[in-house]
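Numbered by this note's numbering, the letters in the sequence shown go through residues -16 to 123 in order.
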Amino acid sequence: MRFVDRYPIIVTDRKEACRDFWIEHLGFVSAFDSTWFSYLIAEDQSASIAFMTPDHPSAPPGPEKFSGTGMCFELQVEDAREAFDKIASTGLKIKYPLTDEPFGQRRFGFHDPSGLWIDVVEQIESAAGFWDRYMIGSQS
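If you want it as structure tokens, here you go:
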């Protein structure tokens, strides 16, 4: 199977608020927007996401309205500190401050209007030996 595209569709009553949030705070652009569905892409086309209202008759079977739990949207960036400064300057309330994690990520996080957790990360050097005990086949 060869994929042409892949993106999550977040089913939410707050489609417009989510669309505006991703455009204003994360620099995404609208590729398609209707009364019931918004498809957004990053300006460099490296990521995409869609938002859909729960009540449209053409919605595919299965997706219930997103409850805000059990999903994390990871945005990997080259410079998390720069991204943090830029996003914080928009007035967005950041829930998890910029932190260097011992497992090798510099990250911060926040929720969008649907409740989706957005984790902005930069890969950095992990603490020496951090991963040793977690690797499959490793000796404890």
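Ideal Cβ positions, reconstructed from N, Cα and C, are used throughout, including at glycine.
Could you please give the first and the last residue of the uninterrupted alpha helix (DSSP H) stretch that includes Arg64? Within the sequence shown, residue 64 is the residue found at index 81, counting from 1. Element bounds for Arg64: 63 to 71.
According to DSSP, residues forming a beta bridge with Cys55: Residue 55 sits at position 72 when you count from the first residue of the sequence shown. Per DSSP, Trp100.
Exposure label - Ile(-7); buried when at least 16 CB within 10 Å: For the purposes of this step, residue -7 is taken as the residue at position 10 of the sequence shown. That one is buried.
Short Cβ contact (9 angstroms threshold) for Ile107 with Gly87: Numbered from 1 along the sequence shown, position 124 holds the residue referred to as residue 107. Numbered from 1 along the sequence shown, position 104 holds the residue referred to as residue 87. Yes, these two residues count as a Cβ contact at 9 angstroms.
Spatial neighbours of Gln59 within its chain, please: C-beta separation below 6 angstroms, excluding the five flanking residues on both sides. By one-based count along the sequence shown, residue 59 stands at place 76. Cβ within range, chain order: Val104.
Do Phe67 and Pro85 have their C-beta atoms closer together than 9 angstroms? Sequence index remark: in the sequence shown, residue 67 carries index 84 (1-based). Sequence index remark: in the sequence shown, residue 85 carries index 102 (1-based). Not in contact: Phe67 and Pro85 (Cβ atoms no closer than 9 angstroms).
DSSP puts His94 in a beta bridge; with which residues? Taking the sequence shown and counting its residues from 1, the one referred to as residue 94 is at position 111. For His94, which the question treats as bridged, DSSP gives the partners Trp100.
Can you tell which of Tyr(-10), Ser21, Pro44 has its C-alpha closest to the C-alpha of Ala0? The sequence position of residue 0 within the sequence shown is 17, counting from 1. Answer by Cα proximity: Ser21.
CB contact flag (Ile6, Ala14, <9 angstroms): Residue mapping note: residue 6 aligns to position 23 of the sequence shown, counting from 1. Residue mapping note: residue 14 aligns to position 31 of the sequence shown, counting from 1. Contact: no.
Label Ser97 either buried or exposed according to how many other C-beta atoms from any shown protein chain fall within 10 Å of its C-beta, with 16 as the threshold for buried. Within the sequence shown, residue 97 is the residue found at index 114, counting from 1. It counts as buried.
Below 8 angstroms on the Cβ atoms is my contact criterion, and I expect His8 with Leu75 to pass it. Report the Cβ-Cβ distance as a whole number of Å. Along the sequence shown, one-based indexing puts residue 8 at 25. Along the sequence shown, one-based indexing puts residue 75 at 92. Indeed, because the Cβ distance is near 5 angstroms, the residues count as touching under 8 angstroms.
Within 10 angstroms of the Cβ of Met118, are there 16 or more other Cβ atoms? Answer buried if so, exposed if not. The residue labelled residue 118 in the question sits at position 135 within the sequence shown. Met118 is exposed by the Cβ-count criterion.
Just reading off the alpha helix (DSSP H) that Glu7 is part of, what are its end residues? One-based indexing of the sequence shown puts residue 7 at position 24. -2 to 9 is the span of the alpha helix (DSSP H), which, as asked, contains Glu7.
Would you kindly work out how many angstroms separate the C-alpha atoms of Asp95 and Thr73, rounded to a whole number? Here residue 95 corresponds to residue number 112 of the sequence shown, with the count starting at 1. Here residue 73 corresponds to residue number 90 of the sequence shown, with the count starting at 1. Roughly 14 angstroms between the two C-alpha positions.
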